[in-house]
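Since the structure comes first, as structure tokens, the remarks are kept for the end.
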Amino acid sequence: MTFFLRRAAFYAFTAWAAVTINFFLPRMLKGDPVSAYIQKNQGRISPEAADSLRTLFGLDTDRSVLEQYIDYWKLLFSGDLGRSFSKGLAPVTDVIAAALPWTVGLVGIATILSFVLGTSIGALIGWKRGSKADFIVPVSTFFSTVPYFWMGLIAIAVFSTLLGWFPASHAYGKGSRPEFSLDFIGQVIAHGFLPAATIVLASLGGWILGMRNMMVTVLDEDYVTVAQAKGLPTRRVLVNYAARNAMLPQLSSFALSLGFIVGGTIVMEMVFSYPGVGKLLLDATTAKDYPLMQGLFLVITLTVLVANILADVAYAVLDPRTRQLES
Amino acid sequence: MTIPTTMANATAQALKPAPRSRSFSARFGQSFAMFRNGKSITGLCILGFFVLVAVFGDLIAPYGPLEKDFTALRQAPSLAHLLGTTHMGEDVLSQLIYGTRGVLIVGFLAGIFATIIAVAIGVTAGYVSGFKSESLSALTNVFLVIPGLPLMIIVASQYDNPSLFLIAGVLALTGWAWGGRVLRAQTMSLRNRDFVQAARANGESLFRIITVEMLPNLTAIIASSFVGTVTAAVLGLTTLAFIGVIPITNLNWGTILFWAQQNGAFPDFWWWYVPAGVCIALLGVALSLINFGIDEYVNPRLRSAGERARALRKRGIKPGSSITAVRVSTEKTERLTE
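If you're matching them up, the sequences are chains V and R in order. Here the first sequence is numbered in this note's numbering, starting from 260 and rising by one per residue. Here the second sequence is numbered in this note's numbering, starting from 261 and rising by one per residue.
Written out as structure tokens, the structure reads:
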């Protein structure tokens, strides 16, 4: 029990620190968002209006940073993330809620696909260690060290500009609106194929390498030898004896990688102009849109935190040895 | 994703105890033993090539990096311009050669900074116990949780003309946490070994125990986390340059790609954007190869597995049945593993 309390305190501290950093980071940026906003709407905003804008965004010059910080926490607990400058003063929660499904859907599917594919390939390569299949490891490593944006741009150049198989950008065709129809779903799949395929290709290497190395280590264990000596079918030894144990570190990395779904794809969304969270953050940074940036940082860090907790729990559930150590 | 998994594997294994009383040169050679295998040597050779290019860039490059030749705009590779020219008539090969310097300096500086932070915090957190250890570990976790790329964008965009040091510092600040976590775990397992207990019983100081007793046993992990951070820093730098956060005066491979994309090089002017990407990938592969080598040194099972399977195959035994040579039926094994 004390273990759980200590973990909880640990995560509470991490969350507090992350939120605090999120609060201060945008304030470190050069320039004042209100001046930027006024510049954008030249001449249309009177000095009085500018002052009230500052009050509205909690950027009053006569309020200390500490007061702003306390206000920020108060608003956070009431679920109010403020209003976004750059998106026509729409509530930040709405802006994020509109972008989140695109990122989570596309990158989530790609992450799961990459994990399943990479782990299976890694298990097979580890099983057939020393064979020709070993060359897959350096090849997949090559793809994971290629800069992602470069691979994305080349994918666009080849498959969309030259061959015209897939659209180059956006999540659905121009002129159509999100609706539940076969035509629209088809468009979403066509637009999502290239981004998803490049993400899978870029992240496959890590999964293959991790699983292969664990497989090779586990295959040396006595229980695998015993299973083979008993004459069990190869598939059974491979899947139920070796891969099952080699999977453990993979699963905890998988839980962690779920956390990077939301924040880890800024470059993808930039290259493919995909209307997700990453592109939103990039836009917010260029527009110095504090409230939106803070909101996005909050969402991103919280997902990573939740993923960390998931990884902890998954490990405790799956590996009895960790539980014994703790008790 | 590559970095965490390889490092996690590195920790999983026990380390070799340091040998006693040998000549200095033998001990010096010993500390490089982790690089003495095919994979590491290949990686080091590629890395060495890039280092030479960076050092002697001024001599090798046929033109200045920003020298404009307005008679040759967007030209395909020819004898005068081996890798063609840009929209301003600049020689792509020369830009590539000069860009190597920026990439390597930032990559290695970031790797050194990050390794210093990771060793200082990770090893201390692993050695001390209780509240101190927990709070250092919490600090590590905070840095793991903060999204790296957005943080870099925000910090880098604060400055009009960030120096190489500053960029390396930002990359190190966002990249040390993984190494710190792995080092903490490994130090915790070392803490209760006999030789550390003995040193403590002798009343040696904390600093001495950490630097003399523990660090030599952590070299492989430190090396692997250093190489991992350099890889991440190179990718981070080129990505930042491509996004346009780092000003174009800082010439590196990422800025070449930035200009190529800004000026519509995709997909027709392949000579403009392909070489820079290939160079980044080559450097990344070289660094990963070095890491594979370290992994095999730390975890001998990884090394012996391939060798043994190959030896068995030479004698006509299938690798799938490497452990028990007597199998039910070879055909079945083949069908399943193929």
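All C-beta atoms, glycine included, are put in the ideal place defined by N, C-alpha and C.
Original post:
Of all Cβ atoms in chain V, is any one closer than 8 Å to the Cβ of Val545(R)?
Top reply: As a first step, residue 545(R) is located in the second sequence; it is residue number 285 there, counting from the start. Yes, its Cβ sits closer than 8 Å to a Cβ of chain V.
**Prompt:** Quick one: which chain R residues come within Cβ less than 8 Å of Met529(V)?
**Reply:** Sequence index remark: in the first sequence, residue 529(V) carries index 270 (1-based). By Cβ distance, chain R contributes Ile503.
| query | Does DSSP put Arg342(V) in a helix, a strand or coil? | reply | Within the first sequence, the letter at position 83 stands for residue 342(V). In the structure shown, Arg342(V) sits in a strand (DSSP, three-state: E or B).
- Query: Which chain B residues are close to Leu421(V), counting only those with a beta carbon under 9 Å from its beta carbon?
  - Reply: In the structure shown, chain B cannot be found, because the protein chains are V and R.
Requested in this report: Please compile the residues from chain R whose C-beta is within a distance smaller than 7 Å of the C-beta of Pro406(V).
Outcome: Against the first sequence, residue 406(V) aligns to sequence position 147. Leu495, Thr498, Thr499, Gly537, Ile540, listed in chain order.
query: From the beta carbon of Ser548(R), is the nearest beta carbon of chain V less than 8 Å away?
result: On the second sequence, residue 548(R) is found 288 positions in, with the first residue counted as 1. At least one chain V Cβ lies under 8 Å of Ser548(R).
Exercise for review: Label Val375(V) either buried or exposed according to how many other C-beta atoms from any shown protein chain fall within 10 Å of its C-beta, with 16 as the threshold for buried.
Suggested key: Against the first sequence, residue 375(V) aligns to sequence position 116. Under this definition Val375(V) is an exposed residue.
Residue-chain proximity (Asn472(V), chain R), Cβ-Cβ < 8 Å: Translated into the one-based positions of the first sequence, residue 472(V) becomes position 213. Yes, because at least one Cβ of chain R sits closer than 8 Å to the Cβ of Asn472(V).
Cβ-Cβ distance between Tyr533(V) and Trp409(V) below 8 Å:
Position 274 of the first sequence, counted from the start, is the residue given in the question as residue 533(V). Position 150 of the first sequence, counted from the start, is the residue given in the question as residue 409(V). Not in contact: Tyr533(V) and Trp409(V) (Cβ atoms no closer than 8 Å).
Quiz item: Does the distance from the CB of Leu569(V) to the CB of Leu517(V) come in under 8 Å?
Solution: Indexing the first sequence from 1 puts residue 569(V) at position 310. Indexing the first sequence from 1 puts residue 517(V) at position 258. Their beta carbons are under 8 Å apart, which means Leu569(V) touches Leu517(V) by this criterion.
**Message:** Taking 8 Å as the threshold (beta carbon to beta carbon), is Leu412(V) in contact with chain R?
**Reply:** The residue given as residue 412(V) occupies position 153 in the first sequence. Answer yes: the Cβ-Cβ gap between Leu412(V) and chain R drops below 8 Å somewhere.
**Asked** Measuring CB to CB, does Ser511(V) end up less than 8 Å from Gly465(V)?
**Response** For the purposes of this step, residue 511(V) is taken as residue 252 along the first sequence, with counting starting at 1. For the purposes of this step, residue 465(V) is taken as residue 206 along the first sequence, with counting starting at 1. The Cβ atoms of Ser511(V) and Gly465(V) lie no closer than 8 Å to each other.
* **Glu556(R), enclosing alpha helix (DSSP H) - first and last residue** => As a working note, residue 556(R) is residue 296 in the second sequence. In the DSSP assignment, Glu556(R) falls within the unbroken alpha helix (DSSP H) covering 530-558.
Practice problem: Please list the partners that Ile380(V) has in chain R, where partner means a Cβ-to-Cβ separation under 9 Å. | Solution: If you number the first sequence from 1, residue 380(V) lands on position 121. The CB of Ile380(V) never comes closer than 9 Å to any CB in chain R; the least such distance is about 13 Å.
Q.
If you follow the alpha helix (DSSP H) that Thr346(R) is in, where does it begin and where does it stop?
A. The residue labelled residue 346(R) in the question sits at position 86 within the second sequence. DSSP places Thr346(R) in no alpha helix (DSSP H); its state is neither H nor E.
Just the C-alpha distance for Ala274(V) and Ile280(V), rounded to the nearest angstrom, thanks.
-> In the first sequence, counting from the first residue as 1, residue 274(V) sits at position 15. In the first sequence, counting from the first residue as 1, residue 280(V) sits at position 21. Spanning the two alpha carbons is a distance of roughly 10 Å.
| task | Could you give the DSSP three-state label for Asp351(R): helix, strand or coil? | result | Translated into positions along the second sequence, residue 351(R) becomes position 91. Collapsing the DSSP output to three states places Asp351(R) in a strand.
Self-check item: Status (buried if at least 16 other CB within 10 Å, exposed otherwise) for Gln355(R)
Solution: In the second sequence, residue 355(R) corresponds to position 95, counting from 1. So Gln355(R) ends up on the buried side.
query: Is Ala340(R) near the ligand NAD, judged by its Cβ being under 7 Å from some heavy atom?
result: This structure does not include the ligand NAD; it has no bound ligands of any sort.
**Item:** Continuous alpha helix (DSSP H) stretch holding Gly524(R): start and end
**Value:** Within the second sequence, residue 524(R) is the residue found at index 264, counting from 1. Note, Gly524(R): premise wrong, no alpha helix (DSSP H); not H, not E.
Is it the case that the Cβ atoms of Ala314(R) and Leu364(R) are separated by a distance below 8 Å?
-> Here residue 314(R) refers to the residue found at position 54 of the second sequence. Here residue 364(R) refers to the residue found at position 104 of the second sequence. Inclusion of Ala314(R) and Leu364(R) in the CB contact set at 8 Å is warranted, their separation being smaller than that value.
| request: Identify each residue in the stretch 391-409 of chain R for which the Cβ-Cβ distance to at least one residue of chain V is less than 9 Å, and report them in chain order. | output: Residues passing the 9 Å Cβ filter: Glu394, Ser395, Ser397, Ala398, Leu399, Asn401, Val402, Leu404, Val405, Ile406, Pro407, Gly408, Leu409.
Short of 8 Å in beta carbon distance, which residues of its chain neighbour Phe401(V), apart from the five on each side in sequence? Order them along the chain. Within the first sequence, the letter at position 142 stands for residue 401(V). Same-chain partners within the cutoff: Gly464.
Item to check | Any 3 or more C-beta pairs closer than 8 Å across the stretch 311-325 of chain R and the stretch 342-362 of chain R | outcome: Output reads yes: the stretch 342-362 of chain R touches the stretch 311-325 of chain R.
Could you check whether Ala449(V) and Met474(V) sit closer than 8 Å to each other, using their CB atoms as the reference points?
For this step, residue 474(V) is matched to residue 215 along the first sequence. For this step, residue 449(V) is matched to residue 190 along the first sequence. Contact: no.
Chain V contact residues for Leu517(R), given Cβ-Cβ distances below 7 Å | Taking the second sequence and counting its residues from 1, the one referred to as residue 517(R) is at position 257. For the C-beta of Leu517(R), the chain V residues within less than 7 Å are, from N- to C-terminus, Trp409.
If you run the structure through DSSP and keep just helix, strand and coil, what is Leu350(V)? What you label residue 350(V) is simply residue 91 of the first sequence in a count that begins at 1. The question names Leu, yet the displayed sequence has Pro at residue 350(V). In the three-state reduction of the DSSP assignment, Pro350(V) falls in the strand class.
From which residue to which residue does the alpha helix (DSSP H) around Asn499(V) run?
Against the first sequence, residue 499(V) aligns to sequence position 240. Run containing Asn499(V): none; DSSP gives neither H nor E here.
Give the DSSP-derived three-state secondary structure of Ile381(R) in the structure shown. Position 121 of the second sequence, counting from 1, holds the residue named residue 381(R). Helix.
**Asked** Exposed or buried, which one is Glu585(V) when buried takes at least 16 other CB atoms within 10 Å?
**Response** Residue numbering aside, residue 585(V) sits at position 326 when the first sequence is read from its first letter. Annotation note: pLDDT 45 at Glu585(V) (below 50); position unreliable, no value reported.
On the premise that Thr346(R) lies in contact with Trp513(R), defined as a C-beta separation below 8 Å, what is that separation, rounded to the nearest angstrom?
As a position in the second sequence, residue 513(R) is number 253, starting the count at 1. As a position in the second sequence, residue 346(R) is number 86, starting the count at 1. About 14 Å; that fails the 8 Å criterion.
(request) Could you tell me whether the stretch 462-481 of chain R touches the stretch 374-392 of chain R, using the rule of 3 or more Cβ pairs below 8 Å? (result) Contact annotation: the stretch 462-481 of chain R touches the stretch 374-392 of chain R, with at least three C-beta pairs closer than 8 Å.
Where the alpha helix (DSSP H) containing Val324(V) begins and where it ends = Here residue 324(V) refers to the residue found at position 65 of the first sequence. Val324(V) -> alpha helix (DSSP H) spans 324-336.
Handout entry: Backbone CA spacing between Val402(R) and Leu424(R) [nearest angstrom]
Key = Taking the first residue of the second sequence as position 1, residue 402(R) is located at position 142. Taking the first residue of the second sequence as position 1, residue 424(R) is located at position 164. Val402(R) and Leu424(R): Cα-Cα distance of roughly 25 Å.
Quiz item: Beta carbon of Ile525(V), beta carbon of Thr370(V): below 8 Å?
Solution: Here residue 525(V) refers to the residue found at position 266 of the first sequence. Here residue 370(V) refers to the residue found at position 111 of the first sequence. In this structure, Thr370(V) does not lie closer than 8 Å to Ile525(V) by Cβ.
> Ala276(V) CB to nearest chain R CB: under 8 Å?
Replying inline: For the purposes of this step, residue 276(V) is taken as residue 17 along the first sequence, with counting starting at 1. Flagged as an interface residue toward chain R: Ala276(V), by a C-beta distance shorter than 8 Å.
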